[in-house]
Each structure stands twice: as structure tokens, then as C-alpha cells.
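Undergrad:
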Amino acid sequence: MNEVKISREEVEHVAFLARLALTEEELVTNTEQLNSILDYAAMLEKLNTDDIKPTAHAVPLHNVLREDQVKPSMAREKVLANAPDAQDGFFKVPRIV
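To convert, take the position in the sequence shown, counting from 1, and add 75; that gives the numbering used here.
#1: Please classify A117: does DSSP put it in a helix, a strand, or coil?
#2: Looking at the secondary structure, which residues open and close the alpha helix (DSSP H) in which H132 lies?
#3: Would you decide whether V172 is buried or exposed? Buried here means 16 or more other CB atoms lie within 10 Å of its CB.
#4: Near G164, what residues of its chain come up, given a Cβ to Cβ distance below 6 Å and the 5 sequence neighbours on each side ignored?
#5: Have a look at N138 and A131 and give me their C-alpha separation to the nearest angstrom.
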């Protein structure tokens, strides 16, 4: 397997495309960090995954939501008591067109 490395020029090019003004120190740091990420990805590619089933999640997921339950709510007058403006039992808000 070929070792993939990203060059400083490639980091400069991507920074240019992203309209990022990187300092000299940032160019060096980003080049090192990106190469470190690529090295780690190369390590992962060497793992034998023949016996591993494909999965979308590492742990099984299940629906944790409860069933809807009808419960009494607050009285309309109590809810509208703190409204800045109310009309005919509803919140009155500015018209948006």
C-alpha cells in the first residue's frame, strides 16, 4: 500500500479555495495534522474486517419515546395572562407577509 501524504502546496491550494488566509505557522501545523490523520486512516485500512458485519451504529438502537398520553393542560386564561397581546382566546402577533 502506498503511503498517502499531503504536501504543503496542497494545503495552500485548499486554503486558497476555502478563502482562508493561513499564516506560515498554520500551514505547517495543518500539513502535519492532515498527514497524521492520513497515517491513522492508513493504519485502519490494514485491519482485517472480514468477520465484521456492516453496521450503521456501533450499538443497537431502539425507540425510547413513550406513547402519547392525553393529559389536562393549563387553562387558556392562565396561559394568555402573560401574553403581550391576546384576542378572542388566542395569542395576537404582528402580521408577517
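Don't be surprised by glycine CBs; every beta carbon is placed ideally from N, CA and C. As the structure is a computational prediction, the values presented were derived from the model and not from experiment.
TA: Taking the coordinates as given:
#1: The residue labelled residue 117 in the question sits at position 42 within the sequence shown. Residue state, collapsed to three classes: helix.
#2: Taking the first residue of the sequence shown as position 1, residue 132 is located at position 57. Where H132 is concerned, there is no enclosing alpha helix (DSSP H), given that its DSSP letter is neither H nor E.
#3: Here residue 172 refers to the residue found at position 97 of the sequence shown. By the neighbour-count definition (other C-beta atoms within 10 Å, threshold 16), V172 is an exposed residue.
#4: Position 89 of the sequence shown, counted from the start, is the residue given in the question as residue 164. R151.
#5: Walking along the sequence shown from the start, residue 138 turns up at place 63. Walking along the sequence shown from the start, residue 131 turns up at place 56. Each residue's alpha carbon lies about 16 Å from the other.
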